[in-house]
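Under this note's numbering, think of the first position of the sequence shown as 591, with each following residue one higher. Cβ coordinates follow ideal geometry from the N, Cα and C atoms, glycine included. Please read all numbers here as calculations on a predicted model, not as lab measurements.
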Amino acid sequence: MKRCPGCAGCRHYRLGDGRLKCRACGLRFTWTSVWDSVRLPTATKARLLELFVLGVPSYRQRFLSDTSAVSRERFYRLVRGCCALVEQLREPFEGAIECDETTFGGARKGKRGWGAAGKVIVFGLVKRNGCVKAMPIPAHDRASIMREIEAHTREGALYYTDEWQAYATLKLRGEHVMIRKEKGRPAGRDHINGIEGFWSYAKNWLYMYRGVPRQYFHLYLAEVCYRFNHRHENLQPLLYKLLKQISIQELRPILVRKG
Ligand SMILES: [Zn+2]
591 MKRCPGCAGC RHYRLGDGRL KCRACGLRFT WTSVWDSVRL PTATKARLLE LFVLGVPSYR
651 QRFLSDTSAV SRERFYRLVR GCCALVEQLR EPFEGAIECD ETTFGGARKG KRGWGAAGKV
711 IVFGLVKRNG CVKAMPIPAH DRASIMREIE AHTREGALYY TDEWQAYATL KLRGEHVMIR
771 KEKGRPAGRD HINGIEGFWS YAKNWLYMYR GVPRQYFHLY LAEVCYRFNH RHENLQPLLY
831 KLLKQISIQE LRPILVRKG
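Okay, here's the thing in structure tokens:
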């Protein structure tokens, strides 16, 4: 959908210079799909996308591709950016939701990847038998977690969490079930296996990519969420459609995250 960046309207005129003019507010703007913004032959882009879907990291493609590492990384960053954009727009969760936090990285010594900058704290939500949302948070505290819960869940939901203090005020927002663990195993029938399954899924994917630069970590995490949420579908046509539907102009702000 070619939306106006000023008023989000979708009706427009095409101007002689290739730009578009919004019918509602008159703004003139450029609209280039992410796919078209990448100046590689179509067949090359299709091949890169195919390898991405299969989970072949850029460095493993160094002998079979005619592209440079820089252009592969850039293309994949854009694909991940599209995942991040649609995952961000995913409706807030309602009903039974599992919440949990974990850390990524931090084990690797030296100057590569996220290990260099220490651990990244990630907060995640899983709908029972459903989709996942996960996002990096600035600190392991109540304020950071409640901000995400307010943004990504609807009031009146049923929250399953571990026994951490930070979740204590959840009962004001909905129902709250704390899972007590005895020797690492949940006691009784309640559990947060869904989110824990996602953490191991995410860690497996990200392990393969080796050092993930910290400023792009949110994109890799979004990629994993997107893969998980579409795990029963063929990603190739889905991602191709996204790359054609999203414009490079609307994607840019999401690509780099400071801090
Ligand atoms: Zn407009």
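- Message: When you compare the CB positions of Gly728 and His808, do they come within less than 8 Å of one another, or not?
- Response: The question names Gly, yet the displayed sequence has Pro at residue 728. It is not a contact, given that the beta carbons lie outside the stated cut-off.
- Query: Between Leu825 and the rest of its own chain, which residues show a CB-CB distance below 6 Å, the 5 nearest in sequence each way excluded?
  - Reply: Val643
- Query: Apart from the five residues just before and just after Pro668, which ones in its own chain have a Cβ nearer than 6 Å to its Cβ?
  - Reply: It is Leu, not Pro, that sits at residue 668 in the sequence shown. Excluding sequence neighbours, Leu668 sits near Val624.
- Message: Beta-carbon distances below 5 Å to any heavy atom of ligand 1 define the shell here; list its residues in chain order, please.
- Response: Cys594, Gly596, Cys597, Gly599, Cys612, Ala614, Cys615 and Leu617
- Query: DSSP state of Ile727, grouped into three classes?
  - Reply: coil
- Task: Please determine, among Arg804, Ala758 and Ala747, the residue with the shortest C-alpha to C-alpha distance to Ala733.
- Result: Ala758
- Message: Helix, strand or coil, according to DSSP, for Phe807 in the structure here?
- Response: helix
- Query: Just curious, the alpha helix (DSSP H) that Ala686 is in, first and last residue?
  - Reply: Per DSSP, Ala686 belongs to no alpha helix (DSSP H); it is in the beta strand (DSSP E), Ala686 to Phe694.
- Query: Could you give the residue range of the alpha helix (DSSP H) that holds Val716?
  - Reply: Per DSSP, Val716 belongs to no alpha helix (DSSP H); it is in the beta strand (DSSP E), Val710 to Lys717.
- Item | Pair within 8 Å by beta-carbon distance, Cys689 and Leu715 | yes
- Do the stretch 677 to 685 and the stretch 633 to 647 meet, that is, are 3 or more Cβ pairs less than 8 Å apart? no
- 6 Å Cβ shell around Val814 - same chain, five flanking residues per side excluded: Ala792 and Trp795
- Taking the Cβ atom as the reference point for each residue, do Gln805 and Val767 lie within a distance shorter than 8 Å? no
- Task: Measuring alpha carbon to alpha carbon, tell me which of Tyr750, Trp754, Tyr749 and Phe713 ends up nearest Ile735.
- Result: Phe713
- Message: Could you tell me the alpha carbon to alpha carbon distance between Arg763 and Arg670, rounded to whole angstroms?
- Response: 33 Å
- Message: If the criterion is Cβ atoms closer than 8 Å, does the pair Cys594 and Cys615 meet it?
- Response: yes
- Starting from Arg609, follow the beta strand (DSSP E) in both directions and report where the run begins and ends. Neither: Arg609 is in no beta strand (DSSP E) and is coded neither H nor E.
- Name the DSSP beta bridge partners of Val722, please? Val716
- Helix, strand or coil at His822 according to DSSP, with G and I counted as helix: coil
- Item | Start-to-end residues for the beta strand (DSSP E) that takes in Val767 | Glu765 to Met768
- Buried or exposed: which applies to His822, given that a residue is buried once 16 or more other Cβ atoms fall within 10 Å of its Cβ? exposed
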